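Below: one structure, written as structure tokens.
Numbering (the numbering used here), first residue to last: 11 to 257.
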């Protein structure tokens, strides 16, 4: 058995997520009905839920991730309001064959018919070497919010079903938005199959997990003919060297 050590993470990763901002809240003890949940959404943004996979693997049993995710999160610079997203609503994709249907408190026909959003997502990396050479960022993956297993309304209904109070400005993360193909995965953990298969970048560099100087850039855009296009702004941040700490 390997003994735990105290050191900076050696398996730093990103997670491609969308953030949900709560507008109107609810009273303590009063669940938000799935039929009313979309009225509590004020808008969306991009979210990078940075994750230290080596720390996560050590601590997640039995209590789940803690220090592996609490050190940093990055969001895009503005909120795309719910009203602006209305033209890009669409039906929630069907679940895979054999998967159970949502329980009654998570099921609403209108939500199934128009509770999803068609938002194209993109992840790019710009390494320190690429920056020095003046190279363009390298695209790691392309995904879509249609890969969400639950709708945004279902997230709100489930979070509040036990009477948990939501307040204006509360923030939800969707979880990693990975698609079914290797080109649509939302984290390096998935892309490298846990670090087994390095990714080769356009300039010949390889990555299993992130290194100091790497910049991760998340992008999102809604597009529909006759409606136009809405961008979310770039969610980007550079990995800095870990600060020296006393052991």
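Beta carbons are placed, not taken as given, at the ideal position from N, Cα and C, and that holds for glycine.
Only a predicted model underlies this, so the values are computations on that prediction, with no experimental measurement involved.
Burial state of residue i, where buried means 16 or more other Cβ atoms lie within 10 Å
i: residue 47; result: buried
i: residue 196; result: buried
i: residue 71; result: exposed
i: residue 147; result: buried
i: residue 170; result: buried
i: residue 219; result: buried
i: residue 207; result: exposed
i: residue 41; result: buried
i: residue 136; result: buried
i: residue 194; result: buried
i: residue 113; result: exposed
i: residue 121; result: buried
i: residue 73; result: exposed
i: residue 256; result: exposed
i: residue 88; result: exposed
i: residue 81; result: exposed
Selection from the options that minimises the alpha carbon distance to residue i
i: residue 91; options: 242, 255 and 176; result: 242
i: residue 28; options: 128, 236 and 224; result: 128
i: residue 15; options: 201, 178, 64 and 200; result: 64
i: residue 13; options: 162, 68 and 113; result: 68
i: residue 221; options: 174, 95 and 198; result: 198
i: residue 178; options: 37, 95, 139 and 202; result: 37
i: residue 134; options: 74, 112, 52 and 224; result: 224
i: residue 158; options: 201, 144, 105 and 256; result: 105
i: residue 144; options: 173, 174, 212 and 75; result: 212
i: residue 21; options: 239, 204, 56 and 238; result: 204
i: residue 162; options: 174, 182 and 173; result: 182
i: residue 174; options: 30, 39 and 142; result: 39
Where the beta strand (DSSP E) containing residue i begins and where it ends
i: residue 142; result: Where residue 142 is concerned, there is no enclosing beta strand (DSSP E), although the alpha helix (DSSP H) it sits in stretches over 138-143.
i: residue 153; result: 148-154
i: residue 27; result: 26-32
i: residue 57; result: 51-58
i: residue 247; result: 245-248
Sequence-distant residues of the same chain with beta carbon closer than 6 Å to residue i, five excluded per side
i: residue 210; result: 216
i: residue 79; result: 61
i: residue 118; result: 44 and 45
i: residue 77; result: 65
i: residue 103; result: 156
i: residue 132; result: 152 and 229
i: residue 35; result: 176, 177 and 178
i: residue 56; result: 86, 228, 230, 242 and 245
Same chain, Cβ closer than 8 Å to residue i, neighbours up to 5 away in sequence not counted
i: residue 124; result: 99, 100 and 101
i: residue 58; result: 24, 25, 26, 27, 83, 84, 85, 226, 228, 245 and 247
i: residue 116; result: 44, 160, 164, 167 and 168
i: residue 237; result: 97 and 98
Delimiting residues of the alpha helix (DSSP H) encompassing residue i
i: residue 65; result: 63-73
i: residue 123; result: 119-124
i: residue 165; result: 162-170
i: residue 221; result: Residue 221 -> no alpha helix (DSSP H), and no H or E assigned at all.
i: residue 94; result: 92-95
i: residue 199; result: 198-201
The ligand FAD heavy atom lying under 7 Å from the CB of residue i
i: residue 199; result: As presented, the structure is devoid of all ligands, the ligand FAD included, so that no description of it is given.
Same chain, Cβ closer than 7 Å to residue i, five either side skipped, listed in chain order
i: residue 234; result: 97 and 98
i: residue 18; result: 252
i: residue 95; result: 54, 127 and 232
i: residue 33; result: 50, 51, 52 and 178
Within-8 Å CB hit, residue i to chain B
i: residue 109; result: No chain B appears in this structure, which consists of one protein chain only.
- Spell out a yes or no on whether the segment 171-189 and the segment 144-155 are touching, meaning 3 or more CB-CB pairs, one atom from each, closer than 8 Å. Under the Cβ criterion (8 Å, minimum of three pairs), the segment 171-189 counts as touching the segment 144-155.
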